[in-house]
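Novice: Would you mind keeping the following structure in view while I ask a few things?
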Amino acid sequence: MGHLNLDSQNRKIMTKTIKLIAIDVDGTLLNNEHQLTERTEKALRAALEKDIRVILATGKTRRSVEALLAQLNLTDPGIYVQGLTTYAGDGALLTQQVLSPVIVRQVLTFAEDRGFTVALYSGARILARKRNPQIDALTIPFHEPPAEEVGPLQNVLSAVAVNKVVALGDARRVKSLRWQLSMQLNGTVRLMQAGVPEMVEVLPPGGSKGAALKTLLNELSIPAENVLAIGDAENDIELLKLAGIGVAMGNASPVVKAAADYVTASNDEDGAAQAIERFVLADEQTEAVENNVTNPAATTSPESGEA
Numbered sequence: 008m009g010h011l012n013l014d015s016q017n018r019k020i021m022t023k024t025i026k027l028i029a030i031d032v033d034g035t036l037l038n039n040e041h042q043l044t045e046r047t048e049k050a051l052r053a054a055l056e057k058d059i060r061v062i063l064a065t066g067k068t069r070r071s072v073e074a075l076l077a078q079l080n081l082t083d084p085g086i087y088v089q090g091l092t093t094y095a096g097d098g099a100l101l102t103q104q105v106l107s108p109v110i111v112r113q114v115l116t117f118a119e120d121r122g123f124t125v126a127l128y129s130g131a132r133i134l135a136r137k138r139n140p141q142i143d144a145l146t147i148p149f150h151e152p153p154a155e156e157v158g159p160l161q162n163v164l165s166a167v168a169v170n171k172v173v174a175l176g177d178a179r180r181v182k183s184l185r186w187q188l189s190m191q192l193n194g195t196v197r198l199m200q201a202g203v204p205e206m207v208e209v210l211p212p213g214g215s216k217g218a219a220l221k222t223l224l225n226e227l228s229i230p231a232e233n234v235l236a237i238g239d240a241e242n243d244i245e246l247l248k249l250a251g252i253g254v255a256m257g258n259a260s261p262v263v264k265a266a267a268d269y270v271t272a273s274n275d276e277d278g279a280a281q282a283i284e285r286f287v288l289a290d291e292q293t294e295a296v297e298n299n300v301t302n303p304a305a306t307t308s309p310e311s312g313e314a
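If you read the sequence shown in this note's numbering, its first letter stands for residue 8, the second for the next number, and so on.
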């Protein structure tokens, strides 16, 4: 990636009129204490006062962010479970994608036979054979609903629609499992690791936050070029690429930063607020704030070695 003149790129990008913000939650909207900071809340409220639509786009269930939706009084649709479900502002299910029971059964057998802990996501529910520290680490810190202990997961497949399967274990073994599943399932699913090396997610093919956002934009009659998207993880890449302005967090991995138009500060440095202030509230902000959001093409990444 070559060097770009940041100032000229700024003038070009600032001509875009932002009508909608699509923002990831953990690692982006919230800091590492899973808190919404005062500055980020203020920036979002200022955007809402300008009639900018705000859509949360998270890999988690809607139930996990209900308190956040209420705190911000968000009434727009939302993207949940990696884009596999979308809900209206009033909580009504709009769309969902599910895995076939045959695929789920195959993944369960393959993962459980190798000693991995497995959870199923079904709408607003999380199902597990039984709760254990790995399952609790998946749910409690992220304000997810408690996992329901249902016994052998194979026995519930005829009664529930499964949006995604999550396998949990040692990071090294999970990396190997992801590769093995990719060989075993041969393109019939999408495999994802959303910034958590101890977890691999099995999704329907084509399911992503970006695909869900595209559907919602069609319903809302908002062009993608009028969207500001902000995220930090692998599951945000399609979102960032679709949007007119895609901003990666400073805590994002090099591959996510490379997919973005700009890189902001980390989630512990109000990076999301800085992006909103710059690209949505620019007429109300100082030049000092603007200078903290950079174009990744104009900086050298020590991890990637690219300019």
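Glycine residues also receive a C-beta, built at the ideal position from the N, C-alpha and C atoms.
#1: Can you list, in chain order, the residues of its chain whose CB lies under 8 angstroms from that of residue 275, leaving out five sequence neighbours each side?
#2: If we count the other Cβ atoms within 10 Å of its Cβ and call it buried at 16 or more, is residue 284 buried or exposed?
#3: Closer than 8 angstroms is the cut-off here; do at least three beta carbon pairs connect the segment 204 to 214 with the segment 77 to 86?
#4: Taking 7 angstroms as the threshold (C-beta atoms), are residue 28 and residue 235 in contact?
#5: Give me the residue from 154, 91, 120, 56 with the minimum Cα distance to residue 81.
#6: Exposed or buried, which one is residue 162 when buried takes at least 16 other CB atoms within 10 Å?
#7: Please say whether residue 93 and residue 101 have beta carbons closer to each other than 7 angstroms?
#8: Decide if residue 156 is buried, meaning its Cβ has at least 16 other Cβ atoms within 10 Å, or exposed.
#9: From the DSSP output, in three-state form, read off residue 293 for me.
#10: Shortest alpha-carbon distance to residue 216 belongs to which of 42, 32, 91, 68?
#11: Please determine, among 131, 243, 267, the residue with the shortest C-alpha to C-alpha distance to residue 252.
#12: Pick out the complete alpha helix (DSSP H) segments inside the segment 226 to 278, 4 residues or longer, and give them in chain order.
Specialist: Quick look at the numbers:
#1: 38, 39, 258
#2: buried
#3: no
#4: yes
#5: 56
#6: exposed
#7: yes
#8: It counts as exposed.
#9: Reliability fails at residue 293, whose pLDDT of 44 lies under 50, so the model's placement of it is uncertain and the value that follows must be treated cautiously. Reduced to three states, the DSSP call for residue 293 is coil.
#10: Selected option, being the one with the closest Cα: 91.
#11: It is 267.
#12: 244 to 249, 261 to 266
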